[in-house]
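In terms of the UniProt record's numbering, the sequence shown is residues 1 to 210.
No residue lacks a Cβ here, since even glycine has one placed at the ideal position from N, Cα and C.
Just so you know, these numbers come straight off a predicted model, no measurement behind them.
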Amino acid sequence: MSTIAALQWRYSLKNFSNQKVDDDKINNLLEAARLSASSYGLQPYQVWVIQERDLLAKLSEQAFGQSQVRECSHLLVFANETVISDATVERYFARHYQQTQTPVGSLDGYADHIKSAMAEKSDDSRRAWAEQQAYIALGTVLTEAAVLGIDTCPMTGFDQQAFNQTLGLSQYGLSACVICAIGYREADMQSPVKVRIPREHFVRFVSLKG
Ligand SMILES: Cc1cc2nc3c(=O)[nH]c(=O)nc-3n(C[C@H](O)[C@H](O)[C@H](O)COP(=O)(O)O)c2cc1C
């Protein structure tokens, strides 16, 4: 399937079938998240995977009873880091030097620039920035899932604090910002009509000539 055909096919599934998604396909989705772009490459989030039925049932209650959480094959929880500090930047550069095999310290100037840019933000805007990065990974996962013919339902309709408590996210300095149910539709389910802004109201090509 081309990406556009896959995006036409996908929709946010409310009623999941019993079919489970294979581990290799789940790993594919997780790899798509891991390879996603992020501001400065800092990736200030993790993806937690839940497939235990009892835990999904409990989380469904904490998601206003949304059945997708209970009935999906796997639930992905995108959890952003709650504290973004110099240490976040230093961890990134340690990784960078190791993975690119470049001399340690050769990018100190750039690291300082990122630290200052982060320090200028308020706590709230650093947190919002971290959530935004997690959302980019969510988008990548939605697209990759569609290309693989896997259904998804992205969701923010859940009690963030309850999720953090149930999953013990806070003790890792994380907070759930968006979740995504993964699974398959019933075989006879057709994709509903897409409701989208018409292209002429959505895209504008701009030039200095007007
Ligand atoms: C960030 C985000 C949060 C969403 N939260 C929910 C939700 O809590 N429950 C739900 O059923 N759908 C949720 N949706 C799905 C949207 O309603 C859906 O994407 C939108 O109506 C477009 O339709 P489509 O995805 O089926 O093409 C969410 C989507 C996004 C991107």
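Endpoints, alpha helix (DSSP H) assigned at E81: From DSSP, E81 is part of no alpha helix (DSSP H) but of the beta strand (DSSP E) over 74-81.
What is the DSSP secondary structure of S175, counted as helix, strand or coil? In the structure shown, S175 falls within a strand segment according to DSSP collapsed to helix, strand and coil.
Excluding the five sequence neighbours on either side, which residues of its own chain have a C-beta within less than 7 angstroms of the C-beta of Q66, listed in chain order? Closer than 7 angstroms at the Cβ level, and outside the excluded window around Q66, lie S60, M155, G157.
My output table needs one value for residue 220: the three-state DSSP class, helix, strand or coil. No answer is possible for residue 220: it lies beyond the span of the chain, which begins at 1 and ends at 210.
Measuring CB to CB, does T152 end up less than 8 angstroms from I179? No Cβ-Cβ contact shorter than 8 angstroms links T152 with I179.
Closer than 7 angstroms: is that where the CB of P44 sits relative to any heavy atom of ligand 1? No, the Cβ of P44 stays beyond 7 angstroms of every heavy atom of ligand 1.
Using only the heavy atoms of ligand 1, determine whether one of them is closer than 7 angstroms to the beta carbon of V147. Taking the Cβ of V147 as the reference point, every heavy atom of ligand 1 lies at 7 angstroms or farther away.
Residues bridged to S12 (per DSSP): DSSP, once it has assigned bridges, lists T152 as partnering S12.
How would you label M1, buried or exposed, when you count the other beta carbons within 10 angstroms and need 16 or more for buried? Counting Cβ neighbours within 10 Å, M1 comes out exposed, since fewer than 16 surround it.
Would the stretch 3-23 and the stretch 90-106 be scored as touching if the rule is three or more Cβ pairs under 8 angstroms? The answer is no - the stretch 90-106 does not touch the stretch 3-23, with fewer than three Cβ pairs under 8 angstroms.
Cβ neighbour criterion (16 or more within 10 Å) applied to E144: In this structure E144 is buried. Its beta-carbon is surrounded by 16 or more other beta-carbon atoms within 10 angstroms.
Buried versus exposed, by CB contacts within 10 Å (16 or more), R127: Here R127 is buried. Its C-beta has 16 or more other C-beta atoms within 10 Å.
Inter-residue CB distance, T82 and L174 (contact presumed, cutoff 8 angstroms): Yes, they are in contact, since the Cβ atoms of T82 and L174 sit about 7 angstroms apart, within 8 angstroms.
Neighbour-count burial assignment, S191, 16 or more Cβ in a 10 Å radius: The residue is exposed, with fewer than 16 neighbouring Cβ atoms inside 10 Å.
Since residue 216 and F78 are thought to touch, with beta carbons under 8 angstroms apart, how far apart are those beta carbons, to the nearest angstrom? Residue 216 lies beyond the residue range present for the chain, which begins at 1 and ends at 210; the question has no answer from this structure.
Assign E31 to buried or exposed, taking buried as 16 or more other Cβ atoms, counted over all protein chains shown, within 10 Å of its Cβ. So E31 counts as exposed.
Exposed or buried, I114, counting other C-beta atoms within 10 Å across all chains shown (16 or more means buried)? Classification of I114: buried, given that the 10 Å Cβ count is 16 or more.
Is S67 near ligand 1, in the sense that its beta carbon is under 7 angstroms from a heavy atom of that ligand? False, no ligand heavy atom lies under 7 angstroms from that Cβ.
Comparing alpha-carbon positions, which option in Q171, D24, A63 lies nearest L148? Taking L148 as reference, the option from Q171, D24, A63 with the minimal CA-CA separation is D24.
With 16 other CB atoms within 10 Å as the buried threshold, where does R53 fall? The residue in question, R53, is exposed, as its Cβ has fewer than 16 Cβ neighbours within 10 Å.
Nearest-angstrom beta carbon gap, S85 and K20 [assumed within contact, 8 angstroms]: Not a contact, Cβ separation roughly 40 angstroms.
For a test of the three-state rule: what should DSSP assign to Y110, helix, strand or coil? Per DSSP, reduced to three states, the secondary structure at Y110 is helical.
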